[in-house]
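Numbering (this note's numbering), first residue to last: 15 to 1159. The beta carbon of each residue, even a glycine, is placed where N, CA and C say it ideally should be. Heads up: the structure comes next, in structure tokens.
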């Protein structure tokens, strides 16, 4: 008999184990499936009496009904035994299908311990593969080792007997029990077996092997022929089931926990329940249920089964905590589920009739013998595609008895059910099966999952693999991304396609080699794109697709360009000879005119905008993609450009690689080198940034060079948005035949900020230009906030007040235009004695626009009346350095206005000074700063904080000495003390600055600049602090500059009082360094034009150290001498000394 623990109706459990009066079940024949002949009428009378005497309460019935209808993975807890079907077999793992449309993986190490040991032996060459041990469609029972999770979407399963039977006790093993066993060792008369139960020895006689193979490590389904129980161990004799024989359980007595899935049992029909059929097993000892999809036929319904009828069933799994079994009434001939559906993925079913509708899906029947379902996930996808329509609304559209046109998505072997969809986009999909994919063509694919070896993508109804070796590493993808791919081959023994999204392979006009049949002896000069994976002194090894490789002999192909080939680059090669028997291909480099040699600027039309970029088509018909980070030099603006692009818009782009274009590099590649061969030492390149695991990297923007460099930064550096641009100085260019080109680059400010404050001005100009381009695009889209100008007088209506942050939300209306252009705005109260609470909601107040925020799409305004009068759009530019209020701040700029004086333009003060400025702003959280005015920029004035001004001004001379662009050797012409003069680039006008300083001293004096005298003293006393800050910045830069011996001068030229030159090494005294810095500070503050004799402006210098005083007096004398020289000559001759920071006049 089968020892079972019956479920009592009142919820209590009664164990019969060990009792003498338990019901005994006689051994039955295998032919009868373990069933016994019982008198029907007597059994029915007894059961009718039991049903009349016992009633199940409503609560318990609902619980049972819910349990019976649940076949989801949430019931498959760790440790459960479940029947599975082998779906796919890979080299190192097996994919299994489980009931409930769940999948799991069994890795080779979880087959059996003997198989693992055999694989690990170094000399084992005849070890069977996983495909030798199992076949697709085989039914096996497995143990759940880990459940599904977002990071692991498939369950981890095991076939090892030690895992399957870890909870078995040796005394539970008895004759007739079914279990899996592993062949461990062959003997003369049989095999030692492993059943995974402690203290159990198992032996399989040779005559009991049957038709099974006898590989060591193979798992066999066996029944226990006999069991010998001893005090300390148990010995069992096994008999293996033939592969095609039913696994019938035939025992006198057994524990329910030792009955494994896959056994053939007799199921006694009970009552129909929701989504299934209730019944009993083992002479009404164990409750069991069958799901609707597990009935005998597709057309079967629970109501068609007669109560108390006995039907052969297969155990799917047993729930220990509920003591309930789930079985299937479907026949499984030869212990297999054949995977040969009539309808395959992508096929259309014209007339599918609805049979049932519920929250879990819509069930169809077609041709009177097939079943299909639109399951809940597909209904949710349909709801999402229709704009998140409520699921109940979607379900109400399906009426029982109506027919629909559906398309097959997949097929469930266990349930013999087609998973279908009526989504119009899937019904009209062109790519329906593998034959619709043409190798070499490009397709749009959706990424459906990521795995270690690459990404799994889907083109229509065809799945494919984007292997890591064919992957575009510069543009990583994620799940649900739509990307452009090219078909390069088919996965053997599967329905999968191999794809690539490497930009170098995306042009369909370029041939790719993916099959040996493509090589034709009658055709000469066959050329294919190939990836160089290894370069030696005499050979270049090239990889094509699907394992095809070739070799290029450098001695045979003696060419300069051959010696320039580098690893991990794509080139076009010509096949000179090949042998399909030895799989050998000899190559030659294709003519160089087929490669891109220079920038190609074209007009391209936008075809589609997606997450990773924009697909475009050029005027010549070529197609390609503009990656999402290739629109702006400022990473924060890339997404804004993409959001403003519409299908059909024309853009001017530059072709950087085959199939890849860039919008932001059009002006750059017109002047800068595009290929690595054109890069020389000292060149200033641009690079694109990306952060990986918290580390900032940069890749030079070159078409045929993709080396990534780490950017050395301080710990709390300013975060850089992916795709942002920074500069790189090429310190050295190395070229070798083995490695190709190698660049030694530096990203330190002291190496890339070659023009000092003029580079800061240029950086600000680029940023303002980029902002203005976005504003123009917003204007084309009729966005209200983009219709305003900086400094424009507007009327604001108070909408909301936040006293804690002192900010006010307003509605901005123009008062000087025909229409009001109402837009959302933000005002921040700046003056300390004012606060936001002084305003009321609904109040109308005047204001001025201080910034157009393209990222937040709002207008920033100033409401304080005293500040509104301080700046105007076209105010006077004759202003001096002074204190100012900060009206607006973002990551790049600070918008300010002066605190005193007549109305002036707005001031633009950099918050970020350069592409390579990774330091945080020094004035964060401050409403008031002191600035130095430099030059007009658009309708505003460019200004800098004095500390930053001095630091970046030093970079100008430092970079000149490093690159050798300024170093000259000329004798002194005057026996005078040296002073420092600034050279005037084209973008600056020093005479304008001199005139500005002169007029300011003459017209404004001390009245308008109330604190100006103190401010000058503050700037002069700042020299020592600036020196220390500059030294710190030098020390914080990367070590490339310090390690390059040729980058810095080894000596400096100084002048003696007699006009002679003498060399001074790097071991200068600190006092002399400070003297030079002080000299630099004062010489910058003294204009070259003649001014009124006024000593009040120099009086604060008396508070400075004595060294500074002597320098200032000397500087004043030099100014007077310069003025006298200027009267005699129309121009000044300024010569720079070799490696020095001084000039001789």
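Exposed unless 16 or more other CB atoms sit within 10 angstroms - verdict on residue i
i: residue 407; result: exposed
i: residue 506; result: exposed
i: residue 676; result: buried
i: residue 260; result: buried
i: residue 551; result: exposed
i: residue 275; result: buried
i: residue 385; result: buried
Backbone CA spacing between residue i and residue j [nearest angstrom]
i: residue 757; j: residue 747; result: 5 Å
i: residue 592; j: residue 547; result: 19 Å
i: residue 129; j: residue 745; result: 57 Å
i: residue 467; j: residue 394; result: 30 Å
i: residue 266; j: residue 425; result: 40 Å
i: residue 182; j: residue 250; result: 14 Å
i: residue 819; j: residue 873; result: 18 Å
i: residue 683; j: residue 692; result: 12 Å
i: residue 933; j: residue 93; result: 55 Å
i: residue 1014; j: residue 919; result: Only weak support is given to the placement of residue 1014: the predicted model assigns it a pLDDT of 40, under 50, and the question is left unresolved by the model.
i: residue 200; j: residue 135; result: 17 Å
i: residue 761; j: residue 783; result: 24 Å
i: residue 173; j: residue 557; result: 38 Å
i: residue 184; j: residue 110; result: 29 Å
i: residue 878; j: residue 718; result: 55 Å
i: residue 176; j: residue 706; result: 42 Å
Assigned secondary structure, residue i (DSSP; H/G/I helix, E/B strand, else coil)
i: residue 655; result: helix
i: residue 410; result: helix
i: residue 899; result: strand
i: residue 384; result: strand
i: residue 104; result: coil
i: residue 766; result: helix
i: residue 743; result: strand
i: residue 563; result: strand
i: residue 180; result: coil
i: residue 185; result: helix
i: residue 683; result: helix
CB of residue i within 8 Å of CB of residue j, strictly
i: residue 272; j: residue 191; result: yes
i: residue 125; j: residue 97; result: no
i: residue 823; j: residue 809; result: no
i: residue 711; j: residue 723; result: yes
i: residue 520; j: residue 673; result: yes
i: residue 10; j: residue 327; result: Since the first residue of the chain shown is 15 and the last is 1159, residue 10 is not available in this structure.
i: residue 549; j: residue 615; result: no
i: residue 414; j: residue 368; result: yes
i: residue 460; j: residue 494; result: yes
i: residue 739; j: residue 796; result: no
i: residue 898; j: residue 945; result: yes
i: residue 654; j: residue 788; result: yes
i: residue 662; j: residue 632; result: no
i: residue 288; j: residue 353; result: no
i: residue 2; j: residue 581; result: Only positions 15 to 1159 of the chain appear in the structure, and residue 2 is not among them; the question remains open.
Limits of the alpha helix (DSSP H) - the one that residue i falls within
i: residue 783; result: 771–794
i: residue 219; result: Taken as a continuous stretch (DSSP letters only), residue 219 belongs to no alpha helix (DSSP H), being part of the beta strand (DSSP E) at 214–219.
i: residue 299; result: Unbroken run through residue 299: none, as it is neither H nor E.
i: residue 128; result: 127–134
Host beta strand (DSSP E) of residue i (start-end)
i: residue 235; result: 233–243
i: residue 542; result: 540–549
i: residue 617; result: 614–624
i: residue 328; result: 324–333
i: residue 365; result: 362–372
i: residue 943; result: 942–951
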